[in-house]
Structures are given as structure tokens and as C-alpha cells.
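Asker: Structure provided below as C-alpha cells; questions to follow.
There are 2 protein chains.
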Amino acid sequence: MTEKLNATFFYILEKSIKSYRQMAQRTISDEFGSITVDQLLVLQTMKDQPELTQQQIAVAVFKDFASITRIIDLLVRKGYLKRSDHPTDRRRFALTLTSEGEDLLIQVRPRILKNRRIALEGVEEEEMAIARKVLARIVENCSK
Amino acid sequence: MTEKLNATFFYILEKSIKSYRQMAQRTISDEFGSITVDQLLVLQTMKDQPELTQQQIAVAVFKDFASITRIIDLLVRKGYLKRSDHPTDRRRFALTLTSEGEDLLIQVRPRILKNRRIALEGVEEEEMAIARKVLARIVENCSK
DNA sequence: GTCATAATATTGATATATCAAATAATGATT
DNA sequence: AATCATTATTTGATATATCAATATTATGAC
């Protein structure tokens with residue numbers, strides 16, 4: 382019977398993250414049009430830690446190197462990021478947010494905070510702490 | 382500060398499901414070669430509930446209709462599923478597992494159970510129950 | 001300083017996610 | 001029976017995930 386409990390646990394885990402992502406994307410699209418949550422996540426990370434390499438960004442947002450390359454391409458094409466030569470390492474680019482990128486993040490932020498509050502409404506702090514602990518343990522167990 | 386806790390919660394939620402999926406896919410690929418976890422999930426669902434329409438399968442495994450179409454295509458191409466005419470509804474196909482498909486599921490099952498045990502090692506039943514409750518609440522909150 | 005190796009990023013191929021549009025068949029209405 | 005709305009599925013377009021291969025630059029051993 383533990384097996385069944387385990388199965389339903391991973392089912393609800395998948396379902397919860399997908400539900401959240403769908404809700405988040407829907408509300409963002411409604412307010413801001415053609416931008417994805419992943420693109421915003423990468424943009425925010427580049428603003429917060431401008432010194433990171435693309436590979437470090439990938440690790441930070443838990444994405445693949447190749448995905449980061451493509452997401453950055455889209456952000457440049459959309460005018461939220463600017464590529465220029467890197468001063469000391471010619472393998473890299475210097476990537477800086479444009480003023481449009483900065484503005485976008487400022488405007489989107491309240492929506493993101495709201496989405497998290499909506500998703501966690503009615504969840505007690507202690508429950509959340511336990512859930513966090515369980516999830517962290519899963520990460521640990523799966524990374525060995 | 383609640384904001385920060387919320388942010389890290391969704392971070393660890395993303396990270397845990399990705400860690401689990403990566404571990405699961407890696408072990409499956411090592412043992413069984415070119416088959417994805419998603420393909421196995423759909424195949425198992427069709428075995429367990431053969432009467433379901435593709436749309437009902439999509440709901441059951443929490444995937445898009447279009448994804449189900451493409452996953453089924455791959456399963457047919459790989460010889461695990463057989464398409465034939467549906468007896469009463471010509472919009473649909475009758476989809477049945479081949480003996481290769483049946484065999485595959487039987488062989489894969491222990492590995493799937495093992496993966497779940499690995500991922501949940503050291504997690505107490507009560508903690509898991511609370512985590513499940515939190516995740517279910519998130520699903521509820523995001524589906525309104 | 002040269003060379004092997006490592007680091008950084010890109011590209012290609014395939015699978016999946018999502019939305020919208022298209023096809024085709026069914027069921028209900030008149 | 002012809003029409004119309006609904007249902008079931010597929011297809012197209014774009015974004016992301018993953019793995020493998022490639023290109024370019026940097027660095028360390030010698």
C-alpha cells in the first residue's frame with residue numbers, strides 16, 4: 382500500500398507544479414502578452430546577478446545550457462536584453478538589460494508575488510516548512 | 382519575508398520534480414534504451430483503462446491533447462501499440478497494446494517502483510501526508 | 001611559446017507543452 | 001433528411017528539455 386501512496390504522491394507533485402505554471406503563464410499572458418514565465422525567470426536572474434555566465438544562470442534556474450542560449454536569443458530579439466562583447470573573455474558575451482527589460486521586470490513583479498500568494502492561500506507556515514523539507518529530501522535522494 | 386519563503390518554496394518544488402524526472406529517465410534509459418517516462422506513463426494508462434478516449438487519457442496523465450497524439454504516434458512507430466478502426470466511432474481509433482508493449486510494462490515496473498522508493502527514502506509517512514495536502518491545496522487554488 | 005585540455009557557448013535532432021486552427025464524424029434540432 | 005453544434009483527433013507554430021556534436025577561446029603543463 383506504500384506503493385500506491387508513493388504513486389499518488391508523484392502524481393500530485395506533477396499536477397501541482399503544472400497547475401501553478403499554467404495559472405502563472407495565463408495571468409502573465411493576460412497582462413503582458415507574449416512573454417513566458419521562463420523568459421522572465423532568466424531575465425530576473427540576469428538582473429539580480431549580472432556577473433553570472435550563461436552556464437551559471439542555467440544552474441541557478443535549473444535549466445539546460447542549450448535552453449538558456451535559446452531563451453537569451455528570444456530576450457534579445459524582443460528587445461529586453463542587449464548583447465555586446467565581453468571585455469575580458471571572448472568566448473562570452475556581455476549581456477545587459479535594456480530599459481524595456483528593466484521596466485518589464487518592475488511591472489511584472491507584483492503579478493508574480495500575487496500568483497504565489499494565490500497558489501499558497503490557506504497553507505499554514507508549518508505545513509509549508511514540512512513540504513519544503515520533503516521536497517529537499519527528494520532532490521537530495523535523486524542527485525546521488 | 383513570507384515572500385522569500387514563498388519564492389524558495391516554488392523553487393524547490395520545480396527542482397524536486399525535475400530532479401526526480403531526470404533520475405527516473407536516466408535509470409530507464411540505462412536499462413531500456415530509447416523510451417521516455419512520458420511514453421511509459423501513457424502506455425500504462427492505456428493498459429489500465431483501455432476504454433478511455435485520447436482526451437480522457439490526456440486528463441488522466443495531466444497532458445495536452447496534442448501531446449497525447451504525438452506520444453501515441455511514437456508508441457505505434459516503436460511497435461508497442463497497435464492502431465485499428467474503432468468499432469462504433471470513426472473519429473477514433475481502437476488502440477491496443479502489442480505483446481511487446483505488454484512485456485515492456487512488466488519489465489519496467491520494478492524499476493519505476495524502485496525509483497519512487499529511492500526518491501522518498503528517509504521521508505516519514507506523516508511528512509509525506511502533509512506535503513500531499515499542501516500540493517493538493519495548490520492544485521485547488523490554481524484551478525479556480 | 002606550444003600543445004593538450006578545459007571552459008563557454010551554439011547548433012542540431014528529437015520529445016514534450018501549449019495554443020490555435022483544421023478535419024472529420026457524431027448527435028440533436030428542425 | 002439537411003443543418004448545426006459538439007466531440008475526437010490531428011496538425012502547425014513556437015517554446016522548452018535533453019543529449020550529442022561542434023566551434024571558439026582560455027588556461028596550464030611543459
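So the sequence lines, in the order shown, correspond to chains A and B. Be aware that the first sequence starts at 382, since it is given in this note's numbering, and climbs by one per residue. Be aware that the second sequence starts at 382, since it is given in this note's numbering, and climbs by one per residue. Beta carbons: idealized from backbone N, C-alpha and C, even for Gly. Predicted model only: the values in this text are computed from it and were never measured.
If you measure beta-carbon to beta-carbon, which residues of the stretch 435-452 of chain B are closer than 7 Å to chain A?
Answerer: From the stretch 435-452 of chain B, only PHE443 have a Cβ closer than 7 Å to chain A.
Asker: How close, in whole Å, do the beta carbons of ASN387 (chain A) and LEU501 (chain B) come, if the pair is a contact with beta carbons under 8 Å?
Answerer: In the first sequence, counting from the first residue as 1, residue 387 (chain A) sits at position 6. In the second sequence, counting from the first residue as 1, residue 501 (chain B) sits at position 120. Indeed, because the Cβ distance is near 6 Å, the residues count as touching under 8 Å.
Asker: Return the Cβ separation of VAL520 (chain B) and SER397 (chain A) in integer angstroms, given the expectation that the two are a contact with Cβ distance under 8 Å.
Answerer: Taking the first residue of the second sequence as 1, we reach residue 520 (chain B) at position 139. Taking the first residue of the first sequence as 1, we reach residue 397 (chain A) at position 16. 5 Å between Cβ atoms; contact.
Asker: Looking at chain B, is there any beta carbon in it that lies within less than 8 Å of the beta carbon of VAL418 (chain A)?
Answerer: Counting from 1 along the first sequence, the entry for residue 418 (chain A) is found at position 37. With 8 Å as the cut-off, VAL418 (chain A) does not count as an interface residue toward chain B.
Asker: Rank B:CYS523, B:ARG498, B:ARG518, B:SER524 by C-alpha distance to the C-alpha of ASN522 (chain A) and give the top, closest one.
Answerer: By one-based count along the first sequence, residue 522 (chain A) stands at place 141. Selected option, being the one with the closest Cα: B:ARG498.
Asker: If you measure beta-carbon to beta-carbon, which residues of the stretch 392-411 of chain A are closer than 9 Å to chain B?
Answerer: Correct list: TYR392, ILE393, LEU394, GLU395, LYS396, SER397, ILE398, LYS399, SER400, TYR401, ARG402, GLN403, MET404, ALA405.
Asker: ARG464 (chain A): buried (16+ other C-beta within 10 angstroms of its C-beta) or exposed?
Answerer: As a first step, residue 464 (chain A) is located in the first sequence; it is residue number 83 there, counting from the start. ARG464 (chain A) is exposed by the Cβ-count criterion.
Asker: Enumerate, from N- to C-terminal direction, the unbroken alpha helix (DSSP H) stretches of 4 or more residues contained entirely within the stretch 420-488 of chain B.
Answerer: Correct list: 435-442, 446-458.
Asker: Do LEU476 (chain A) and TYR461 (chain A) have their C-beta atoms within less than 8 Å of each other?
Answerer: The residue you call residue 476 (chain A) lines up with position 95 of the first sequence. The residue you call residue 461 (chain A) lines up with position 80 of the first sequence. For LEU476 (chain A) and TYR461 (chain A), no; Cβs fall outside 8 Å.
Asker: Which residues in chain B have a C-beta closer than 9 Å to the C-beta of GLY503 (chain A)? List them in chain order.
Answerer: In the first sequence, residue 503 (chain A) corresponds to position 122, counting from 1. Under the 9 Å cutoff, chain B gives ARG518, GLU521, ASN522.
Asker: Going by DSSP in three states, THR383 (chain B) sits in which element: helix, strand or coil?
Answerer: Along the second sequence, read from residue 1 onward, the residue named residue 383 (chain B) stands at position 2. In the structure shown, THR383 (chain B) sits in a helix (DSSP, three-state: H, G or I).
Asker: Quick check on the DSSP output: the alpha helix (DSSP H) that includes LEU516 (chain A) runs from which residue to which?
Answerer: Residue mapping note: residue 516 (chain A) aligns to position 135 of the first sequence, counting from 1. Taken as a continuous stretch (DSSP letters only), the alpha helix (DSSP H) holding LEU516 (chain A) covers 506-524.
Asker: State buried or exposed for ALA447 (chain B), treating a residue as buried only when at least 16 other CB atoms are found within 10 Å of its CB.
Answerer: In the second sequence, the residue the question calls residue 447 (chain B) occupies position 66. ALA447 (chain B) comes out exposed.
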